[in-house]
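Heads up, the thing below is written out as structure tokens.
2 protein chains.
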Amino acid sequence: MKSKFPAPTPGRSGPRPGQSATLRMVAREAGVSASTVSRIINGTVKVSDGLKRSVEAAIAKFGFRPNAAARGLALGKTSTIGVVAQAIDSPFYGEGLRGIETGLRQRGYAPLIMSGNWRIEDEERCVQELIARGVDGIIVFAGRLSDAKLKGYAKSVPIVVTGRRLRAPRLLSMQIEDAKGSMLAVRHLLDLGHRQIAFITGSENHPDAIERLRGYTQALVEGGIDFNPNLVAVGDWHEEGGVRATLELLDSKSRFTALFCVNDQTAYGACLALYRKGLSVPHDVSVIGFDDLPSSTYRLPPLTSVRQSIGELGERSAQGILELIAGRRPRIAAPDVELMVRESTGRCPGS
Amino acid sequence: MKSKFPAPTPGRSGPRPGQSATLRMVAREAGVSASTVSRIINGTVKVSDGLKRSVEAAIAKFGFRPNAAARGLALGKTSTIGVVAQAIDSPFYGEGLRGIETGLRQRGYAPLIMSGNWRIEDEERCVQELIARGVDGIIVFAGRLSDAKLKGYAKSVPIVVTGRRLRAPRLLSMQIEDAKGSMLAVRHLLDLGHRQIAFITGSENHPDAIERLRGYTQALVEGGIDFNPNLVAVGDWHEEGGVRATLELLDSKSRFTALFCVNDQTAYGACLALYRKGLSVPHDVSVIGFDDLPSSTYRLPPLTSVRQSIGELGERSAQGILELIAGRRPRIAAPDVELMVRESTGRCPGS
DNA sequence: CCGGTTTCTGAAACCGGTTGCAGGATCATA
DNA sequence: TATGATCCTGCAACCGGTTTCAGAAACCGG
């Protein structure tokens, strides 16, 4: 009953030259059964010292590493966490992914990253693909997927989602304090004597953008200033949108001495546009961003920004998903926002 | 002979609420055998129309997606490509990873990304871990691992490595034309009348840094200028190193009117340091970077840089690894370097 | 109307680890 | 020394797909 079954010949590549060793090969080499080797590797039970030594020798000899697919199949887990990002190449996501990787690595998990490209259907495809790949959990980093869908998916796999507030079993959401961050920024500008403060938002219907706009208006009102819709322009979260929106603002009749941008990349664009128009930051216009990307420290001038430590958020997401997997109900919140004052903001010219 | 074997109870989580359907469940529902369902899904053989329809109905009903671990085990492949990056959060790698993901996605592969953190031992751990996870191939994006090790690993799995030239079976290397890029940059500066051109390198023993330095000296020599070691400073590939190195250069007695940096991030730091010292770019000093990161277009002033389309490099790496997996010997080279002239370079003040 | 194809379909082996159960060896106790 | 408790280890079932082989059904021409 050994091998009536002919070699399966997977694909056309044939048996690999360096074909990795199997558990049974190690077992045969060490003169024990596969179960014993497995138990030694996982430390499931104690085995006699002699055996242990010889098995370890055999493992070393073959350079054996248990096949993850087989192990995953048997255990029903893959030690892999799916991550849905939106654009793997944006500095924002880069930092978050680093945090996630760091958080997962130390527990023996690895991230399987996919990009949603800000498209709801791409995102959905990602989630399904990840589930099919049997990830043990999914982290949705700032997605667009509907709450209902997310809850539904949470039935088949634990989910951590950032950027919204949502309660469901086996799901953890972490909301950045967008409004609070905006208020910090605007208050800082008010303190500097600015009264005409413009705002460049992201895509108009994006929840984060909406919240940040809300914080902006609220802080203005608290400062006794009327909200002026002409001082709000629409960007696209990227530098390009920042340039465009800033030019629009400058072309409109409304004057402003300070500019608060929905994120740092938008602020970068804004600074460039101001520079093109011969305006100096912060002399003529103060500029504040949101996110505090690492490179903001090195802008000219260094950009004042609302810090929301994305890296930390990533690490916490990782921690959260692992807790969920362990069956616990984690109570983890996003890190606090905080204003990093640098050189792109200064006293209002006239004041 | 149904189930004398008690439920294995994987972990403590028990059977999941939304436990995904299995092939046999679908088969039972459709009144056929598992083999038939498998064949229909993979299109291995033709089946009668009626069966096909009812099986598809059953699949849809359960929302069935074949378990990737099981499939991987049976097929001996995982449709996953391991990627060893160095720092997932650097803009450089971000762009490369996007390219890789794009290239893989369309062929049904997904990247499993790990960070080597520029440490050779981390990198090695990554590669081993990836192999254990049964990836079908590995892309090493600008690594430090020795050529010999790499060749060794290539015996167990196809490898694409960027940033060096190396020939081995089942291995494809793609070398960026570092020296050529440097020469483009320096020649541009020479054309603008600069004669004192400084250079900030990366970590001193890094192959890319060495090559870029070589291109720099060669272009100088061709321009009839002696190489002056006092005009070379050491950075760390990051903004911080650029700042430090620039300050060192300024403090030294050697004057310079142009500054070529080993990469864009270093150039960002250099610009900041110049700004701090009251020097204007490009009025007092011209600055050129290398990589042409997306954000370089939006620097103040927009940075002149040697473009080496990392995204394209990533896509080609993806294409290369898939070719290797298919058993072919791809002939793919890195994209050409090209100088993007922007506003951080201008005519030499005195000329 | 029958033997020979051709086409489908199902049973079962297999991928490579994990683990419940049971049997043998070892040890302690009466 | 007999006997029950404790340890250790091997057998074999199982995870969930894939694939070979063989048998059944449908189709062919003679």
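Sequence order for the protein chains is A and B. Oh and the first sequence: position 67 is 67 in our numbering, straight run, nothing missing. Oh and the second sequence: position 217 is 1217 in our numbering, straight run, nothing missing. Ideal Cβ positions, reconstructed from N, Cα and C, are used throughout, including at glycine. Bear in mind the structure is a predicted one, so any value in this text is a computation, not a measurement.
For residue i, which beta-bridge partners are listed by DSSP?
i: A:Met-174; result: A:Thr-162
i: B:Arg-1329; result: None, per the DSSP bridge assignment.
i: A:Cys-261; result: A:Ile-200
i: B:Ala-1168; result: B:Leu-1171
i: A:Leu-247; result: Paired residues: none, contrary to the question.
i: B:Pro-1111; result: B:Ile-1081
i: A:Glu-139; result: Rather than Glu, the amino acid found at residue 139 of chain A in this sequence is Ile. Bridge partners of A:Ile-139: A:Val-83 and A:Val-160.
i: B:Gly-1242; result: BP columns for B:Gly-1242 are empty, so no partner.
i: B:Gly-1116; result: B:Gly-1116 is not bridged to any residue.
Which whole-angstrom value is the C-beta distance of residue i and residue j, which I expect to be below 8 Å?
i: B:Ser-1351; j: B:Gly-1224; result: Not confirmed; about 15 Å, so no contact.
i: A:Tyr-268; j: B:Tyr-1298; result: 5 Å
i: A:Arg-353; j: A:Leu-303; result: Given that chain A is displayed from residue 1 to residue 351, the structure contains no residue 353 of chain A and the question cannot be resolved.
i: A:Ser-305; j: A:Asp-336; result: So it is not a contact: roughly 15 Å between Cβ atoms.
i: B:Gly-980; j: B:Gly-1215; result: This structure leaves residue 980 of chain B out entirely; chain B is present only between 1001 and 1351.
i: B:Leu-1324; j: B:Gly-1137; result: 6 Å
i: B:Ala-1132; j: A:Ala-68; result: 6 Å
i: B:Gln-1308; j: B:Asp-1291; result: 6 Å
i: B:Gly-1202; j: B:Val-1262; result: 4 Å
i: B:Phe-1260; j: B:Ile-1288; result: 5 Å
i: B:Arg-1170; j: B:Pro-1158; result: 5 Å
i: A:Ala-27; j: A:Val-37; result: 5 Å
i: B:Ala-1070; j: B:Ser-1115; result: Between B:Ser-1115 and B:Ala-1070 the Cβ distance is about 29 Å, and since that is not below 8 Å, they are no contact.
Quick check on the DSSP output: the beta strand (DSSP E) that includes residue i runs from which residue to which?
i: B:Ser-1295; result: Here B:Ser-1295 belongs to no beta strand (DSSP E), and DSSP marks it neither H nor E.
i: A:Phe-199; result: 197–201
i: B:Ile-1081; result: 1080–1085
i: A:Thr-345; result: From DSSP, A:Thr-345 is part of no beta strand (DSSP E); its letter is neither H nor E.
i: A:Gly-304; result: First, the residue type needs correcting, since residue 304 of chain A is Thr and not Gly in the sequence shown. First-last of the beta strand (DSSP E) with A:Thr-304: 304–307.
i: B:Ala-1233; result: 1232–1234
i: B:Leu-1339; result: 1338–1340
Counting only C-beta atoms, is residue i closer than 7 Å to chain A at any point?
i: B:Asp-1089; result: yes
i: B:Glu-1365; result: A query on residue 1365 of chain B cannot be resolved here, the shown segment of chain B reaching from 1001 to 1351 and no further.
i: B:Ala-1060; result: no
i: B:Met-1340; result: no
i: B:Ser-1115; result: yes
i: B:Arg-1119; result: no
i: B:Tyr-1109; result: no
i: B:Glu-1029; result: no
i: B:Asn-1042; result: no
i: B:Ser-1013; result: Bear in mind that a pLDDT of 30 at B:Ser-1013, under 50, signals an unreliable position, so the number given afterwards is only what the model happens to contain. Output row for B:Ser-1013: interface = yes.
With a threshold of 7 Å between beta carbons, is residue i in contact with chain B?
i: A:Val-262; result: no
i: A:Ala-70; result: yes
i: A:Gly-94; result: yes
i: A:Tyr-216; result: no
i: A:Ile-81; result: no
i: A:Pro-349; result: no
i: A:Gly-50; result: no
i: A:Arg-212; result: no
i: A:Ala-148; result: no
i: A:Glu-323; result: no
i: A:Leu-73; result: yes
i: A:Arg-133; result: yes
At what residues does the alpha helix (DSSP H) containing residue i begin and finish?
i: A:Ile-131; result: 120–132
i: B:Glu-1095; result: 1091–1105
i: B:Val-1055; result: 1049–1062
i: B:Ser-1035; result: 1034–1042
i: A:Arg-144; result: No alpha helix (DSSP H) contains A:Arg-144, which DSSP labels as neither H nor E.
i: B:Ala-1021; result: No alpha helix (DSSP H) contains B:Ala-1021, which DSSP labels as neither H nor E.
i: B:Asp-1208; result: 1207–1222
i: A:Ala-68; result: 68–75
Beta-carbon separation of residue i and residue j under 7 Å?
i: B:Ala-1233; j: B:Glu-1211; result: no
i: A:Arg-107; j: A:Leu-274; result: no
i: A:Pro-282; j: A:Thr-345; result: yes
i: A:Phe-141; j: A:Gly-96; result: yes
i: B:Val-1127; j: B:Tyr-1153; result: yes
i: B:Glu-1123; j: B:Leu-1145; result: yes
i: A:Arg-165; j: A:Ser-173; result: yes
i: B:Gly-1134; j: B:Thr-1044; result: no
i: A:Ala-34; j: A:Leu-23; result: yes
i: B:Ile-1246; j: B:Ala-1209; result: The question names Ile, yet the displayed sequence has Thr at residue 1246 of chain B. It is not a contact, given that the beta carbons lie outside the stated cut-off.
i: B:Ile-1139; j: B:Val-1083; result: yes
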